[in-house]
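Chemist: Dumping the structure here so I can ask a few things about it.
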Amino acid sequence: MDESLQTPAAKAFPAALAGLRSALGHVANGDVSPIKALYSHADDATSMYGWGGYEKGWAAISQRWDWAARQFRGGTVSHENVTTVVGMELALVTDIEVFEVLLPGTEVPTRWTNRVTHVFRFEEGGWRLLHRHANRLEQQYEPAPRLAAVSGA
């Protein structure tokens, strides 16, 4: 796409995405201040992290990031982008995300892979993270047999 045709928001998005990648690297090392600075502080902001539950509103999201900081003692995170869509006010990024970190009580790094979705909103002249949804990447499976085994039916 001709860069001269891009909106200011679209031109600013690569820096926001780089900021997200950097912030998640800090999370892997127990520092959540960059991700909290990037996150929208709005009441409609949401999170659905890989360890269950969900949060709505900045107060709950902020507490969850504080909890996350206590889970990581050093490591790395990498991303393989699946898709990126940038609109005038919203942007969507889907990634395969790999964490390799020391967890509390461990001496050997633990590695896991998530499939993640990040939604950004252009707020007050800049992109802010509005939503993060992450869960473990698994092989595809037939739901009926797996759910029956879990429910004990």
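When we follow our numbering, the leftmost residue of the sequence shown carries the number -1, and every step to the right adds one. Yeah, the Cβ is synthetic: ideal placement off N, Cα and C, and Gly gets one too. Just so you know, these numbers come straight off a predicted model, no measurement behind them.
Of the residues V84, H129, G48, which one's Cα is nearest the Cα of E95?
Modeler: One-based indexing of the sequence shown puts residue 95 at position 97. Measuring from the Cα of E95, the nearest candidate turns out to be G48.
Chemist: Fully enclosed by the region 111 to 146, which beta strand (DSSP E) runs are 3 residues long or longer?
Modeler: DSSP runs (the beta strand (DSSP E)) wholly in the region 111 to 146: 124 to 134.
Chemist: Kindly indicate which residue of K34, A7, G55 has the alpha-carbon position closest to the one of D64.
Modeler: Residue 64 sits at position 66 when you count from the first residue of the sequence shown. It is K34.
Chemist: Within the same chain, show all residues whose beta-carbon is closer than 7 Å to that of T152, passing over the 5 residues directly before and after it, in chain order.
Modeler: With the chain covering only -1 through 151, there is no way to say anything about residue 152.
Chemist: Could you spell out the range, first to last residue, of the alpha helix (DSSP H) harbouring S76?
Modeler: Indexing the sequence shown from 1 puts residue 76 at position 78. That residue, S76, is in no alpha helix (DSSP H); its beta strand (DSSP E) goes 73 to 84.
Chemist: Measure how close the beta-carbons of A43 and G51 come, nearest whole angstrom, since I'm counting them as under 8 Å.
Modeler: Your numbering for residue 43 matches position 45 in the sequence shown. Your numbering for residue 51 matches position 53 in the sequence shown. At roughly 15 Å, the Cβ-Cβ gap does not stay under 8 Å, so A43 and G51 are not in contact.
Chemist: Between the Cα of Q138 and those of R113, L128, L22, V30, spot the shortest distance and give me the residue it belongs to.
Modeler: The count along the sequence shown starts at 1 and reaches residue 138 at position 140. Q138 has its Cα closest to that of R113, out of R113, L128, L22, V30.
Chemist: Here's a check: name, in chain order, each residue in its chain whose Cβ is nearer than 7 Å to the Cβ of L128, leaving out the five neighbours to either side.
Modeler: Locating residue 128 in the sequence shown gives position 130, counting from the first residue. Result list for L128: S38, A43, V117, F118, R119, in chain order.
Chemist: Among V91, S76, M46, whose alpha-carbon lies nearest the alpha-carbon of G23?
Modeler: The count along the sequence shown starts at 1 and reaches residue 23 at position 25. If we check each option's Cα against that of G23, S76 comes out closest.
Chemist: The alpha helix (DSSP H) spanning S20 covers which residue range?
Modeler: Start at 1 with the first residue of the sequence shown, and residue 20 comes out as number 22. 6 to 25 is the span of the alpha helix (DSSP H), which, as asked, contains S20.
Chemist: Assuming G123 and F97 form a contact by the criterion Cβ under 8 Å, report the distance between their Cβ atoms to the nearest whole angstrom.
Modeler: The residue labelled residue 123 in the question sits at position 125 within the sequence shown. The residue labelled residue 97 in the question sits at position 99 within the sequence shown. Going by Cβ atoms, the distance from G123 to F97 rounds to 32 Å, so no, they are not a contact pair.
Chemist: Comparing alpha-carbon positions, which option in P141, T115, T104 lies nearest A132?
Modeler: In the sequence shown, residue 132 corresponds to position 134, counting from 1. The option with the nearest alpha carbon to A132 is T115.
Chemist: When we look at the beta-carbon of V84 and count the other beta-carbons within 10 Å, is it buried (16 or more) or exposed?
Modeler: As a working note, residue 84 is residue 86 in the sequence shown. Classification of V84: buried, given that the 10 Å Cβ count is 16 or more.
Chemist: Would you mind working out which of G17, W125, W110 sits nearest E136, comparing C-alpha positions?
Modeler: Looking up residue 136 in the sequence shown gives position 138. It is W110 whose Cα lies nearest to the Cα of E136.
Chemist: Which residue comes first and which comes last in the beta strand (DSSP E) that contains L88?
Modeler: Taking the sequence shown and counting its residues from 1, the one referred to as residue 88 is at position 90. It spans 88 to 99 - the beta strand (DSSP E) in which L88 sits, taken as one unbroken run.
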